[in-house]
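Numbering (my numbering), first residue to last: 1123 to 1657.
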Ligand code: ATP
């Protein structure tokens, strides 16, 4: 039996067992979180001081997985596109940048408190959850009917005629329209009224005793300079994008870049999130991989469509299955955007945003031109005219990507002998350790032979040497950290210079010549293999 929780969510039976299944998902998520700690993937920050809310540290396995995710992204940008280059800008930036970008005035979330539980919520998230509840009700009815009518079931007809479905769909649509309008108008009173009218209760206290809705700025600030008088208020960047915008001219000129071209960057970002929960999904310190693609005005929607497709391809190339992904086009556009979509991934707690793709117009560059007083127009030699480029942005959170990869990879498998093995079916190129080298026994020259093999392979692959405990236990340890291959050196190896190569997922073993190990493994674990799927 195989339980991969992302899979079972995608195929969840929508019937009376629904709640049980939901609970099972929650349980598996808890198991995943403890697995991350137990095997050195993710630790709560400041653990011995009982942690710091929504801040996490990556352990010895986590850092390898994270680095491999970053490499996959970076290479897909900087290697596969001749017209994309990278930078690494500072976290601290001139404070006027955040005035120009709109973050000082508008990087807010609407918050609401429940007076009884004293818990704080994002008002927009409460309403989004309510929309999801209507969807759930509708899907439940559809699934029930599908089961009842079997093959003759016509879903479209059922959706357009069933009384209860139509009623819930009507309520959902009305709520959606009202919510979108309130967001677009920045109407906080109306947001509160929606929460009241929909009878949304606090999950902790169960009451509807809500405060007013207030705006809350998400930027962290600190002071730069030694004296209180001379100190300047600076911000910890809430996104890496602005570092790209303000370097756009430097890169364009020194790199002799011609439009269209892109600048990529990976780096930390900080947001004082109102509610930080779901492990590393929403953190206060996190990492982003962003790419701003500079294009001719008027061509931006074409490029937006292209990047939307390219980025989805990047996700799907990991092989978790297409049903794990969907687009979510935005109804409410940020002040700088003329098109936006999210790529959502099926997390243990439902489909959630992992990446945003935005057509940011010329908003940011125009603002920086205005606030800095410096011209940042691009002279287009083909058109013989100067203009401020338009920008398509792809922005993905490393940590959310990390969580999605782990969610889709975590499995519990019942073996023939009744034992359970926990394994991470990580795509081999992302696995922290590619290869474990094990002597069958700790004597007879087998450890020496195993070390010899490891010494030739360690320059190319991250290897682990393990001679402790039974071979079965050693395999289990490697399964739990997602090591795709284990090599076992036995007595015969001393004579025939061959070893057994065990596959993590199938548990099958093949006998291979030591001299061929390097090329066999390289072929299966290199990032190049996935990159080739992208072109
Ligand atoms: P959300 O709606 O979930 O708050 P967002 O739309 O504000 O996210 P963006 O500003 O588009 O997010 O940021 C781009 C990406 O950065 C997101 O898709 C996500 O992967 C990541 N990200 C944003 N905020 C956080 C956070 N607090 N913790 C971890 N990752 C984050």
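Even for Gly, the Cβ is constructed at its ideal location relative to N, Cα and C.
| task | Whole angstroms is fine: what's the gap from residue 1398's alpha carbon to residue 1392's? | result | 12 angstroms
| task | Answer yes if the segment 1198–1213 comes into contact with the segment 1316–1326, meaning at least three C-beta pairs across the two stretches below 8 angstroms, and no otherwise. | result | no
| query | So, using beta-carbon positions, are residue 1232 and residue 1242 closer together than 9 angstroms? | reply | no
| request: Would you identify the three-state DSSP class for residue 1636, choosing helix, strand or coil? | output: Residue 1636 falls in the helix class under three-state DSSP.
| query | Tell me the DSSP bridge mates of residue 1413? | reply | When beta bridges are read from the DSSP output, residue 1413 appears opposite 1386, 1516.
| task | Flag this pair as yes or no: are the beta carbons of residue 1670 and residue 1462 separated by less than 9 angstroms? | result | Past the boundaries of the shown model lies residue 1670; the chain is included only from 1123 to 1657, so the question cannot be answered.
| Contact between the segment 1606–1615 and the segment 1554–1573: three or more CB pairs below 8 angstroms? | yes
| query | Under the three-state reduction of DSSP, which class applies to residue 1502: helix, strand or coil? | reply | strand
| message | So for residue 1462, helix, strand or coil by DSSP? | response | strand
| query | In three-state terms, what does DSSP make of residue 1344? | reply | strand
| Buried or exposed (CB count within 10 angstroms, at least 16 for buried), residue 1626 | buried
| query | Would residue 1615 be called buried (16 or more neighbouring beta carbons within 10 Å of its own) or exposed? | reply | buried
| query | In chain order, what residues of the same chain have a beta carbon less than 8 angstroms from the beta carbon of residue 1646, not counting five sequence neighbours either side? | reply | 1550, 1606, 1607
| Smallest Cα separation from residue 1278: which of 1260, 1252, 1432? | Nearest neighbour of residue 1278 by Cα position, chosen from 1260, 1252, 1432, turns out to be 1260.
| What's the gap between the Cα of residue 1147 and the Cα of residue 1544? | 16 angstroms
| message | Shorter than 8 angstroms, the distance from the beta carbon of residue 1476 to the closest heavy atom of the ligand ATP, or not? | response | yes
| message | Pull the bridge partners of residue 1236 from the DSSP assignment, please. | response | BP columns for residue 1236 point to 1332.
| query | In this structure, does DSSP put residue 1381 in helix, strand or coil? | reply | coil
| request: Below 8 angstroms on the Cβ atoms is my guess for residue 1356 versus residue 1207; work out the distance and round it to an integer in Å. | output: That pair is no contact at about 27 angstroms.
| said: What would DSSP say about residue 1321, mapped onto helix, strand or coil? | reply: Note: residue 1321 maps to coil in three-state DSSP.
| message | Please classify residue 1133 as buried or exposed, where buried requires at least 16 other C-beta atoms within 10 Å of its C-beta. | response | Interpretation of residue 1133 is limited by its pLDDT of 32, a score under 50 that renders its predicted location unreliable; the figure taken from the coordinates is listed afterwards. Looking at its Cβ environment, which holds fewer than 16 other Cβ atoms inside 10 Å, residue 1133 is exposed.
| said: residue 1359 and residue 1213 - do their beta-carbons sit closer together than 9 angstroms? | reply: yes
| What span of residues does the beta strand (DSSP E) with residue 1394 cover, start to end? | First-last for residue 1394: undefined, no H or E at that position.
| message | Given this structure, state the Cα-to-Cα distance separating residue 1161 from residue 1407, to the nearest angstrom. | response | Going by the C-alpha atoms only, they are around 22 angstroms apart.
| task | Return yes when the Cβ of residue 1516 is within less than 9 angstroms of the Cβ of residue 1413, no when it is not. | result | yes
| task | Report the rounded CA-to-CA distance for residue 1281 versus residue 1295, giving the unit in angstroms. | result | 14 angstroms
| Going by beta carbon distance, what residues of the same chain come within less than 8 angstroms of residue 1190, once the five residues before and after it are set aside? | 1551, 1552, 1553, 1554, 1649
| query | How is the beta strand (DSSP E) around residue 1625 delimited, first residue to last? | reply | 1620–1625
| Considering only C-alpha positions, which residue in the set 1347, 1157, 1519, 1546 is nearest to residue 1389? | 1519
| Hey, would you say the C-beta of residue 1366 is under 8 angstroms away from at least one heavy atom of the ligand ATP? | no
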